[in-house]
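K.L.:
Pasting in a structure now, in structure tokens, and then I'll have a few things to ask.
Residue numbers (this note's numbering), protein chains in the order written: chain Y, 12 to 348; chain G, 71 to 273; chain S, 38 to 454.
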């Protein structure tokens, strides 16, 4: 009889919906009974990272809180494509007020619940990078300082996408946006010091800060669950690729998110009370070029002649992150306090 | 309506003085309205506060341009232009000073007023004695009550007891009473002198 | 209970009696004593349950109120001038979402130039934001209006702004009757929201509304405000039954039934005008004053009726539409001009400039003699203005106008008060 090697490669991996994984370890998304907090019928682009991220986050939160959730949403793509009057894609109690006040509105919701003694209903505020890093920052910092009981989630796709892809405080260096065009002597966004909102959240010494992407569902859901176990101000920063704004193929959304981590450009970590507790090691270190090439917002870096200096500077950013967060050394993953 | 203007410097409790006066009038069963010359007060800057007292509801909120009485908490303001402006011909002036009216140089301004309407009170010294601090504002109200009779001493004391507590309350009550008695005594001395001089001139 | 207290404290007590569940505080002169007062009541346990939140800006203050109100909590905040503008986006948001928030506006001038004293430019700047705007003539009136405001707001799902003159009312110590808790509880039942965030019955609040439905949504907001025109007098009557004192309503008329000259004004200046009216009536002048307790919705009918006998109307207003013709004056003129009545707008008290009885008497006399223009600035120092205009004509490149004017004008307590 001929021998045939059978690869049981699925066993022990964290592929979504892996039917061989212990039910306890399966993702919320793989569960038919998931809440679908953001259900189908909305008008997001094909491959929208934010729509994916929002569903992942809220379904996990709904599971963790037994459905006792109120969601406050900033102005932006997520709000616009999900609530074209008179329809809504939200199957949770949901409110949209303004662009810059999401954290403050969430504070108000939490206060109203607290004052009537409701300890079961929980609050999540969600915004894009514009509504968190820029115009929403004042209210967010206030919420952090007061330690108001809400989880603030930022879906970061690095620009004001809904208004036509304009630069935000979160736009990466060299990226093309409508207000940082790929023209002139220094095409794309300038090389500045960036605005690292996860680290700013850490500096506020709040009970929980974490970063995640849509590429690692288990990791994202675990972080949401961890956050929902805690009280006080918590912050989750989720990298969500935007096919339209990034000029990437809609099928590449998850792959690009994974590459952002594997290059070191987007460190994955958890922190509590101002201390970084855990970072996720890079499994397969990848040069930044692999991440940049598939995105037309970086196409000018690969023109004729290529902008090798800029690419090197981006690589330096990645290298610095790897050093700062020890992404290759691999710290022990402890439980956050 | 009886209108009072209180002059002092920021940090001397000029605003509180007007408020206490208003509460005292309220305690006596009258209507009263107190308000400061609103400003970004800083310590040392001239400050003015106002109080109206009336039997009827007070509706106006115009500035007090013709006061019936002036209370001057800080004698260093005496030569400020306009301090005495508008004071009614039969008006009262109460000056916080240990000096005499002549010494403090105000005699010229108040010469036209009835002699027994203008008095000095050593309010700062009295306050130092009873409170340990140079806070003449409440103390002066004792002198005011005696001088004008517009509010009763009991009402002023009640206002003080309402506003302050502990040593500050007790000290202020004692100081107010002393200022009241001193002013009364001075008024009587003045009246006696007047009677003697009238008597003398009629001889 | 009859008290002799500062206006701000009286308002704080009144607000506390209304049992707000969430109070947001961001300080700005001259509102500070109000929020400090409420804060002290919460901290001492006299007002509970109540979450008193020290927010990081006025924008946050209104936004936190929005979140709280949408979750079913009675919400309150206070601000003035620059703060009101800073939260402007949220102010419109609150009325657009139909949230019954009550806010005190301690009226103060809007800069530049920065000015902390009273006028009505702040309330006027937001008069089109869809909020009900009530104006208090005295601290008693302010106390009463706050209580009526919560009832009105929650009944109609429209936010209410209670305006009271900064410093002039907020910092004046005067006699106020504070209703009892039992009286307020009788008048103001617990908040029953018309829409609420509730996981048990999830809804989406704040959807995007396009051209196909926006007009209708706006029209419905107008309809609700017009409903207020009917309800405000009714709620005032109900209030009177509870506390035994008339207060509130749309307009108040004082000695105007047979008046040939009627003065129209908002806020604390009405008190001073009443004293002048009495003086002039003694001399046989047929003059009266009509005050608007409600400015938004604009009480057209009630105002028209009150001004019926007038040959001329003098509108005293503490705000001015720069480049325009006054605000209340223009509104009143539109109402009465078709009947042949002349309206004289008198802009007074800007930036806290004191309004004396003498000046009012003089300007009323000028109106009666037909010596006023359509728009007049009370006590304008014509000399200062002319000198500055001449200097600018000579050489526009010299120091900024404001600084030159300040040097020119002698600062004295009388002007400031």
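C-beta: ideal position from N, C-alpha, C; glycine also.
1. When we look at the beta-carbon of residue 229(S) and count the other beta-carbons within 10 Å, is it buried (16 or more) or exposed?
2. Rounding to the nearest angstrom, what Cα-Cα distance links residue 345(S) and residue 239(G) in this structure?
3. Any beta carbon of chain S sitting closer than 8 Å to that of residue 124(G)?
4. Taking only beta-carbon positions, decide if residue 58(S) is within less than 8 Å of chain Y.
5. Quick check on the burial criterion: 16 or more other C-beta atoms within 10 angstroms. Buried or exposed for residue 78(G)?
6. As a quick exercise: from 254(S), 219(S), 398(S), pick the residue whose alpha carbon is nearest that of residue 319(S).
7. Report, in whole angstroms, the separation of the C-beta atoms of residue 9(Y) and residue 159(Y), which I expect to be a contact under 8 Å.
8. Among 78(S), 340(S), 285(S), which has the Cα closest to the Cα of residue 366(S)?
9. By Cβ distance below 7 Å, which residues in the same chain neighbour residue 216(G) in space, the five residues on each side in sequence not counted?
10. If contacts are defined as beta-carbon pairs under 8 Å, then residue 265(Y) and residue 220(Y) qualify, I think. What distance do you get, rounded to the angstrom?
11. Verify whether the separation of the beta carbon atoms of residue 147(Y) and residue 203(Y) is less than 8 Å.
12. Using a Cβ cut-off of 8 Å, pull out every chain S residue sitting near residue 150(Y), in sequence order please.
13. Compute the Euclidean distance between the alpha carbons of residue 132(Y) and residue 151(Y), then round it to the nearest angstrom.
14. Taking only three categories from DSSP, how would you classify residue 59(Y)?
15. With a threshold of 8 Å between beta carbons, is residue 212(S) in contact with chain G?
16. How about residue 87(S): is its C-beta nearer than 8 Å to some C-beta of chain Y?
17. What separation, rounded to the nearest whole angstrom, lies between the Cα atoms of residue 454(S) and residue 389(S)?
18. With distances taken from CA atoms, which of 439(S), 446(S), 193(S) is nearest residue 150(S)?
19. Looking at residue 41(S): is its Cβ nearer than 8 Å to the Cβ of residue 102(G)?
20. Check for me: the beta strand (DSSP E) holding residue 282(Y) runs from which residue to which?
21. According to DSSP, is residue 163(G) helix, strand or coil?
22. According to DSSP, is residue 86(G) part of a helix, a strand, or is it coil?
23. So for residue 379(S), helix, strand or coil by DSSP?
24. Can you name the start and end residues of the alpha helix (DSSP H) that residue 274(S) belongs to?
25. Between the segment 105 to 116 of chain Y and chain S, which residues of the former have a C-beta closer than 9 Å to a C-beta of the latter?
26. Are residue 276(S) and residue 418(S) close, meaning C-beta to C-beta below 8 Å?
27. Which partner residues of residue 223(Y) appear in the DSSP bridge assignment?
28. Which bits of chain C does residue 248(G) rub up against, with CB to CB less than 7 Å?
29. For residue 192(G), name the three-state secondary structure that DSSP assigns.
30. Verify whether the separation of the beta carbon atoms of residue 180(Y) and residue 213(Y) is less than 8 Å.
31. For residue 93(G), which residues from the same chain have a beta carbon less than 6 Å from its beta carbon, with the 5 sequence-adjacent residues on both sides left out?
32. Can you tell me which of 120(Y), 178(Y), 198(Y) puts its alpha carbon nearest to the alpha carbon of residue 189(Y)?
33. Kindly indicate which residue of 307(Y), 232(Y), 293(Y) has the alpha-carbon position closest to the one of residue 263(Y).
34. What's the gap between the Cα of residue 184(S) and the Cα of residue 356(S)?
35. Quick check on residue 70(S) - is its C-beta less than 8 Å from some C-beta in chain G?
36. By the three-class DSSP mapping on this structure, what secondary structure does residue 198(S) have?
P.N.:
Well, looking at it:
1. exposed
2. 56 Å
3. Taking CB atoms only, residue 124(G) has no neighbour in chain S less than 8 Å away.
4. It does: the Cβ of residue 58(S) has a partner Cβ on chain Y nearer than 8 Å.
5. buried
6. 398(S)
7. No answer is possible for residue 9(Y): it lies beyond the span of chain Y, which begins at 12 and ends at 348.
8. Here the closest residue by C-alpha is 340(S).
9. 250, 253, 254, 257
10. Not really, about 24 Å apart at Cβ, beyond 8 Å.
11. no
12. 93, 94, 96, 97, 100
13. Spanning the two alpha carbons is a distance of roughly 21 Å.
14. coil
15. yes
16. yes
17. Unreliable positioning characterises residue 454(S) in this predicted model, as indicated by a pLDDT of 38, which lies under 50. The coordinate reading is nonetheless provided below. Each residue's Cα considered, the two are about 7 Å apart.
18. 439(S)
19. yes
20. 280 to 283
21. If DSSP states are grouped into helix, strand and coil, residue 163(G) belongs with the strands.
22. helix
23. strand
24. 251 to 280
25. 105, 106, 107, 108, 109, 110, 111, 112, 113, 114, 115, 116
26. no
27. 249(Y)
28. Of the protein chains in this structure, namely Y, G and S, none is chain C.
29. coil
30. no
31. 229
32. 178(Y)
33. 307(Y)
34. Rounded to whole angstroms, the gap between the alpha carbons of residue 184(S) and residue 356(S) is 27 Å.
35. no
36. strand
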